[in-house]
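**Q** Attaching a single structure in structure tokens format; questions to follow.
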Amino acid sequence: MPGWGGRAPVAWLGDRPARQHADGPTPYVTEGGMLRPLVAIVDTGLGTHPWFGTYDIAEGDDPAAELDGNGIVVRNAVLPDGRPIGTQPVPARRSEDAEIGGASASALTGPLDPVAGHGTFIAGIVHQKCPDAAILPVRVVGGDGVGAESDLVTTLTRLLEFHQLGLEADVVPGDGGAPVDVVVLSLGYYHEEAENLGVTDALRAVIDELRSSGVVVVTAAGNDGTTRPSFPAALAPLVERTRDPHDGRVRARAIGSTPADRDGAPPVLAVGAENPDGTTALFSNDGRWVTTTRCGAAVVSTIPTTLDGPITPSLRIEDRYGTGHRATLDIEGFQGGFATWSGTSFAAPVLAGEIASTLAERRDGRTPAVAPSGRDGSVSPEQRLRLDDAWAAVAEHTGLTPPEGAAMN
446 MPGWGGRAPV AWLGDRPARQ HADGPTPYVT EGGMLRPLVA IVDTGLGTHP
496 WFGTYDIAEG DDPAAELDGN GIVVRNAVLP DGRPIGTQPV PARRSEDAEI
546 GGASASALTG PLDPVAGHGT FIAGIVHQKC PDAAILPVRV VGGDGVGAES
596 DLVTTLTRLL EFHQLGLEAD VVPGDGGAPV DVVVLSLGYY HEEAENLGVT
646 DALRAVIDEL RSSGVVVVTA AGNDGTTRPS FPAALAPLVE RTRDPHDGRV
696 RARAIGSTPA DRDGAPPVLA VGAENPDGTT ALFSNDGRWV TTTRCGAAVV
746 STIPTTLDGP ITPSLRIEDR YGTGHRATLD IEGFQGGFAT WSGTSFAAPV
796 LAGEIASTLA ERRDGRTPAV APSGRDGSVS PEQRLRLDDA WAAVAEHTGL
846 TPPEGAAMN
């Protein structure tokens with residue numbers, strides 16, 4: 446409920462995030478040719494917003510479908526054979542799309558879905574932390590927030606294929622593939638049998654493949670206030686966390702060896718939520734598998750301007766001295782484009798944006814070659830550069846360091 450962690454409309458009074466690098470011919474590159482950090486948000490999609498352009502779908506006899514990413518969002522990315530990356534089908538009606546109308550769970554009465562606008566909210570956090578990142582929305586769940594693990598595995602497998610095609614030297618980013626730098630997974634589930642971890646094998650395998658090719662996978666710890674492992678977050682290494690007395694940052698130290706044995710791959714990162722005052726949010730899951738914490742309670746970010754639920758102001762009267770109206774707050778009217786919301790779902794993109802920002806800083810002044818994938822098992826110099834950059838960003842923002850023998854400079 447609004448005021449207790451739920452979505453609520455708020456006003457944004459600041460300027461929009463400003464990019465340091467001018468836009469290039471595609472969202473993937475800057476005007477100077479630098480490859481932008483590409484952050485894939487595997488979620489509900491990304492709706493219409495002044496920061497992110499227009500999103501719409503064709504409906505009924507209307508063939509129009511507006512897709513504009515405002516130079517920031519890569520909309521409707523597909524593989525060379527035309528397959529979408531995400532497995533979540535596009536609804537037949539605008540009202541039922543999680544990022545347009547957001548009313549799929551109870552389509553006849555129209556209340557907003559539990560996670561309507563979830564992907565747009567996450568994208569806004571990433572954009573605030575790293576305006577120079579390109580954002581790739583990947584649809585894996587709808588507005589009800591429920592999906593199958595098999596759909597998640599299939600979606601990540603397609604994302605891996607898109608990424609690997611982007612690593613090929615003869616592929617221009619955008620021609621059916623582009624190198625992905627960070628993946629945000631603000632979702633999770635619990636196993637019926639906690640000790641039967643073998644059922645995560647398919648998910649673990651595709652995430653390991655992403656990691657081994659230099660992709661940083663950032664996950665949300667979960668919102669149930671439990672120590673029960675939530676996956677995929679619980680694939681992160683076990684750590685001890687401390688808070689630096691000088692800068693207040695949470696630092697992690699791996700317990701035993703860091704699970705980065707695949708060509709020096711960076712680990713999965715699990716993020717818990719903090720309150721605005723820096724305390725850990727009471728709802729945040731916790732355990733040795735939680736890598737770090739970031740602000741995730743009462744966060745302000747973007748929401749589709751098209752979302753407007755059936756709850757209306759309790760009072761609306763004519764303005765006595767003006768030409769408009771006076772009214773109480775419309776708690777389901779998001780035409781202003783901004784909201785406050787709480788959850789570890791929104792702590793994870795804070796860290797993802799920080800990592801993307803460090804990657805952009807390391808690339809500034811150099812135009813890295815598109816790295817060959819090294820599918821024969823070798824690690825090319827370009828691929829080693831990707832791994833080194835990923836580890837440098839992870840180390841800076843979490844305290845974790847690569848295992849002995851894995852280079853980082």
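Here the numbering used here is used: the sequence shown runs in plain steps of one and ends on residue 854.
In this text, a Cβ means the ideal position worked out from N, Cα and C, and glycines have one as well.
Which residues in the same chain as V616 place their Cβ atom closer than 6 Å to its Cβ, once the five residues preceding and following it in sequence are excluded?
**A** Here the set comprises L610 and G622.
**Q** Per DSSP, what kind of secondary structure is A743 in: helix, strand or coil?
**A** coil
**Q** Buried or exposed: which applies to A835, given that a residue is buried once 16 or more other Cβ atoms fall within 10 Å of its Cβ?
**A** Buried, since its Cβ has 16 or more Cβ neighbours within 10 Å.
**Q** Let me make sure I understand the geometry here. Which of D626, T489, D620 and D468 has the alpha-carbon closest to that of P536?
**A** T489
**Q** Quick test of your reading: G564 and E544, contact by CB under 8 Å. State the CB separation rounded to the nearest angstrom.
**A** 6 Å
**Q** Taking all protein chains shown into account, decide if I567 is buried (16 or more other Cβ within 10 angstroms of its Cβ) or exposed.
**A** buried
**Q** Would you mind working out which of H494, P582, L845 and E504 sits nearest P529, comparing C-alpha positions?
**A** Relative to the Cα of P529, the nearest Cα in the group H494, P582, L845 and E504 belongs to P582.
**Q** I need the straight-line Cα distance from G531 to L714, nearest angstrom please.
**A** 22 Å
**Q** Shorter than 7 Å, the distance from the beta carbon of W836 to the closest heavy atom of the ligand SAH, or not?
**A** In terms of ligand content, the structure shown is empty, and the ligand SAH therefore cannot be addressed.
**Q** In the DSSP assignment, what are the bridge partners of L862?
**A** A question about residue 862 goes unanswered here, because the residues of the chain that appear run from 446 up to 854.
**Q** Whole-angstrom Cβ separation of L601 and V651, contact assumed at under 8 Å?
**A** 5 Å
**Q** How would you label Y473, buried or exposed, when you count the other beta carbons within 10 angstroms and need 16 or more for buried?
**A** buried
**Q** Compare the Cα-Cα distances from G717 to each of V519, D501, A797 and R461 and report the closest residue.
**A** A797
**Q** According to DSSP, is D646 helix, strand or coil?
**A** helix
**Q** Taking only three categories from DSSP, how would you classify D589?
**A** coil
**Q** Just to check my reading of the structure: F791 and V744 have Cβ atoms closer than 8 Å, yes? What is that Cβ distance to the nearest angstrom?
**A** Between the beta-carbon of F791 and that of V744 there is about 5 Å, and that keeps the pair under the 8 Å contact cut.
**Q** Taking the continuous alpha helix (DSSP H) assigned at F791, which residues delimit it?
**A** T789 to R808 is the span of the alpha helix (DSSP H), which, as asked, contains F791.
**Q** If contacts are defined as beta-carbon pairs under 8 Å, then V586 and Q533 qualify, I think. What distance do you get, rounded to the angstrom?
**A** Correct: roughly 6 Å between the Cβ atoms.
**Q** Going by the DSSP bridge assignment, what does F783 pair with across the sheet?
**A** T747
**Q** If I follow the unbroken alpha helix (DSSP H) through T602, where does it start and stop?
**A** E594 to L612
**Q** Return the CA-CA distance between A805 and Y635, expressed in angstroms with no decimal places.
**A** 35 Å
**Q** Please classify A551 as buried or exposed, where buried requires at least 16 neighbouring CB atoms within 10 angstroms.
**A** Looking at the sequence itself, residue 551 is Ser, so the reference to Ala does not match. Burial check for S551: the Cβ neighbour count within 10 Å stays below 16, so the residue is exposed.
**Q** I775 and T757 look like a contact to me (Cβ under 8 Å); what is the Cβ gap, rounded to whole Å?
**A** It should be noted that the sequence gives Asp, not Ile, for residue 775. Right, the Cβ-Cβ distance comes to about 6 Å (below 8 Å), so this counts as a contact.
**Q** Taking all protein chains shown into account, decide if S818 is buried (16 or more other Cβ within 10 angstroms of its Cβ) or exposed.
**A** Since pLDDT at S818 reaches only 43, below the 50 mark, its modelled position is unreliable, and no value is offered.
**Q** Put L830 into one of helix, strand or coil per three-state DSSP.
**A** It is helical.
**Q** Below 8 Å on the Cβ atoms is my contact criterion, and I expect T789 with G588 to pass it. Report the Cβ-Cβ distance as a whole number of Å.
**A** That pair is no contact at about 19 Å.
**Q** Over the uninterrupted alpha helix (DSSP H) stretch that includes Q572, give me the two end residues.
**A** As written in the sequence, residue 572 is His, which differs from the Gln given in the question. H563 to K574 is the span of the alpha helix (DSSP H), which, as asked, contains H572.
**Q** Going by Cα to Cα distance, which pick from G659, T750 and E504 is closest to A456?
**A** T750
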